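What follows is a short report on a single structure.
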Amino acid sequence: MVDFAVGTLSDLSRMALLAQSDGGSFWLPPPESVSSWAVDNVFYYILYLSYFFFALIFAVLVLFVVRYRRRPGVEAVKTATHSTLLEAVWSLIPLGLVIIMFYAGFVGYVELRSPPEQAYEILVTARKWSWQFTYPDGTIDNNLHVPVGEPVRLVMTSDDVIHSLSIPAFRVKMDVVPGRYTRTWFQGKELGTYDLYCTEYCGTGHSDMLASVVVHEADDFRAWLKAAGDVLGNNPPAKAGEILFRRHGCGSCHSTDGTPRVGPSLQGIVGQTHAMADGSSAAVDENYIRQSILEPGTKIRQGFRNQMPTYKGRLNDQEITAIIQYIKSLN
Ligand code: CUA
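Start counting the sequence shown at 1; every next residue gets the next number (the working numbering).
If you want it as structure tokens, here you go:
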């Protein structure tokens with residue numbers, strides 16, 4: 001019995017150590033940001049404290065149920081009603097434990113809310129249902145690329161409803177709200193690709209609102225930025241259009257394989273005549289696509305609702321032309 005108890009305790013402490021050294025545990029992925037400790041310390045502290053008190057309270061409960069159960073021939077005795085020592089013990093010990101909890105939480109909060117001054121700043125725009133990351137040189141991508149070992153600050157806003165940006169490996173999670181800016185920051189420790197999620201239910205496409213965080217070597221990051229920056233210069237129009245289509249998240253509403261989603265599929269639409277919601281009909285050509293990108297509410301295809309945001313000011317004429325070439329290439 002004693003051996004069993006000792007074995008269980010050492011298993012628990014081994015789990016606790018594991019959680020703090022190499023990082024990953026059943027509950028959290030390996031910490032990949034320099035500030036991960038801010039979340040992990042307080043998380044594991046509360047977790048193991050909860051295990052301990054769950055076991056303690058349950059054990060005492062069982063003991064009392066067995067020991068003080070009603071039995072024939074045993075009279076209930078009047079017990080003591082007050083013990084100052086006992087009350088002090090069960091008040092002061094938890095007080096100390098929650099003060100430690102507060103302290104660990106507060107120190108972590110300050111760490112997570114205070115990006116270093118010289119951080120690399122990336123603008124984040126969330127919209128139903130994609131992420132858009134804008135780099136200081138104007139490059140836009142729908143995945144987050146960052147240099148390793150350098151603090152990165154995200155300044156975030158939403159075009160429509162409340163979204164929330166979460167990168168579990170970096171212990172980063174912050175709401176992205178329309179009409180205001182929120183910030184968060186992290187500093188990647190290891191090269192790699194990590195998951196980025198939306199963690200605020202934002203409608204039909206919420207669970208598709210995913211992206212990757214790619215942590216590059218500093219030189220690779222600069223090379224990536226250079227190549228990604230000049231899409232139109234580096235690619236033939238249809239290919240550039242495909243890249244822009246992906247970056248602007250068009251694919252979250254428009255499939256390219258014929259499946260209708262929130263919006264109609266774009267496969268094979270050029271050259272067709274479609275029935276519109278208002279009873280008219282329209283031929284799909286370059287001008288129709290251009291108008292649908294800039295003023296999406298003017299012509300609504302029958303069977304669909306006016307859900308698309310305008311891309312006026314977000315795409316220039318050359319980019320729109322490239323996207324039109326891409327859509328034509330789907331025929
Ligand atoms: Cu955006 Cu959920």
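Glycine included, every Cβ here is placed at the ideal spot set by N, Cα and C. Fair warning: this is a prediction, and the values are worked out from it, not measured in the lab.
task = At 3 residues or longer, and completely inside the region 103-179: list those beta strand (DSSP E) runs for me, N to C.
result = 120-127, 130-134, 144-147, 152-158, 163-167, 172-176
query = Who does Phe186 pair with in a DSSP beta bridge?
reply = Val152
inquiry  = Using a 10 Å radius around the Cβ and a threshold of 16 neighbouring Cβ atoms, would you call Tyr109 buried or exposed?
reply    = exposed
task = Quick one: measure Cβ to Cβ for Arg261 and Ser255, integer angstroms, because I've assumed they're closer than 8 Å.
result = 5 Å
query = Under a three-way DSSP split, which group does Val2 fall into?
reply = A caution first: Val2 carries a pLDDT of 36, below 50, which makes its placement in the model unreliable, though a value can still be read off. Looking at Val2 - three-state DSSP - the assignment turns out to be helix.
ask   = By Cβ distance below 6 Å, which residues in the same chain neighbour Glu286 in space, the five residues on each side in sequence not counted?
value = Ile324
query = Any chance the CB of Ala126 is under 7 Å from a heavy atom of the ligand CUA?
reply = yes
task = Check whether the Cβ of Met174 sits closer than 7 Å to any heavy atom of the ligand CUA, and report yes or no.
result = no
query = Nearest-angstrom Cα distance between Gly263 and Ile140?
reply = Using only the alpha carbons, I get a separation of about 23 Å.
task = With DSSP as the reference, label Ser21 as helix, strand or coil.
result = Unreliable placement is indicated for Ser21, whose pLDDT of 47 sits below 50; the coordinate value is still reported in the next sentence. Three-state DSSP puts Ser21 in coil, outside helix and strand.
ask   = If we count the other Cβ atoms within 10 Å of its Cβ and call it buried at 16 or more, is Gln318 buried or exposed?
value = exposed
Through-space distance from Ser252 to Ser130, alpha-carbon basis = 7 Å
query = In the DSSP assignment, what residue or residues form a beta bridge with Val213?
reply = Leu144, Tyr194
Nonlocal neighbours in the same chain, by C-beta distance under 6 Å from Asn306, ignoring five residues either side = Gly297, Ile300
query = The beta strand (DSSP E) spanning Thr273 covers which residue range?
reply = In the DSSP assignment, Thr273 falls within the beta strand (DSSP E) that extends over 273-275.
task = Would you be able to state if there are at least three C-beta pairs under 8 Å between the region 219-234 and the region 151-166?
result = no
request  = Can you tell me which of Val74, Gly271, Glu242, Ala223 puts its alpha carbon nearest to the alpha carbon of Val146?
outcome  = Nearest C-alpha to Val146: Ala223.
task = Return the first residue and the last residue of the alpha helix (DSSP H) that Ala80 is part of.
result = Run containing Ala80: none; DSSP gives neither H nor E here.
Coil, strand or helix - Arg247 by DSSP = helix
query = Would the beta-carbon of Met156 be found less than 7 Å away from any heavy atom of the ligand CUA?
reply = no
query = Which two residues bound the contiguous alpha helix (DSSP H) that contains Ser329?
reply = 317-329
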